[in-house]
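Residue numbers (the working numbering): 43 to 174. Ideal placement from N, C-alpha and C gives every residue a C-beta, glycine not left out. What you are looking at is a predicted structure, and each value in this text was computed from that prediction instead of being measured. Everything on this sheet refers to the single structure shown next.
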């Protein structure tokens with residue numbers, strides 16, 4: 043004998059709210075020590091390139107030697123300082139993303155991480171290697 047239609051669950055109905063809430067409740071946030079540890083290690087790794095980029099940006103903005111700074115060098119200096127801010131924020135955002143497991147935190151962490159990596163590559167390729 044076949045089942046009556048009202049007993050057959052529909053494939054088109056969304057999951058119930060309680061099922062989604064149970065899955066989200068299963069992922070408890072990690073300890074904030076993860077965030078602190080990741081931030082401290084990240085800052086330790088990015089400290090030297092960040093200090094170099096601050097010095098390079100300052101030299102570009104103020105002008106070196108007899109020549110004054112131009113508009114392009116001032117813009118490059120401001121952009122360099124913006125990259126330094128990304129270098130300071132990236133470890134904190136990565137730590138918070140690991141601890142809290144939030145999608146928005148991961149997006150911010152990845153974006154600032156990519157900008158920080160670009161800044162480190164710039165400092166190494168344009169300044170450290172030629173001067174070494």
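{"Query": "For residue 142, the three-state DSSP class (helix, strand or coil)", "Result": "helix"}
{"Query": "Whole-number beta carbon distance between residue 135 and residue 154, since they are thought to touch under 8 Å", "Result": "6 Å"}
{"Query": "Test item: CB-CB of residue 98 and residue 133 under 8 Å", "Result": "no"}
{"Query": "Three-way DSSP call (helix, strand, coil) for residue 73 in this model", "Result": "coil"}
{"Query": "Contact check, residue 141 vs residue 71, beta carbons under 8 Å", "Result": "yes"}
{"Query": "Member of 150, 101, 131 whose CA lies at the smallest distance from the CA of residue 117", "Result": "101"}
{"Query": "Rounded distance between the beta-carbons of residue 77 and residue 119, thought under 8 Å", "Result": "With a Cβ gap of about 31 Å, residue 119 and residue 77 do not count as contacting."}
{"Query": "Alpha-carbon spacing of residue 93 relative to residue 85, whole angstroms", "Result": "11 Å"}
{"Query": "Inter-residue Cα distance where the pair is residue 147 and residue 139", "Result": "5 Å"}
{"Query": "Proximity winner among 144, 159, 169, relative to residue 130 (alpha-carbon distances)", "Result": "159"}
{"Query": "Whole-Å CB distance - residue 69 paired with residue 143, under 8 Å assumed", "Result": "6 Å"}
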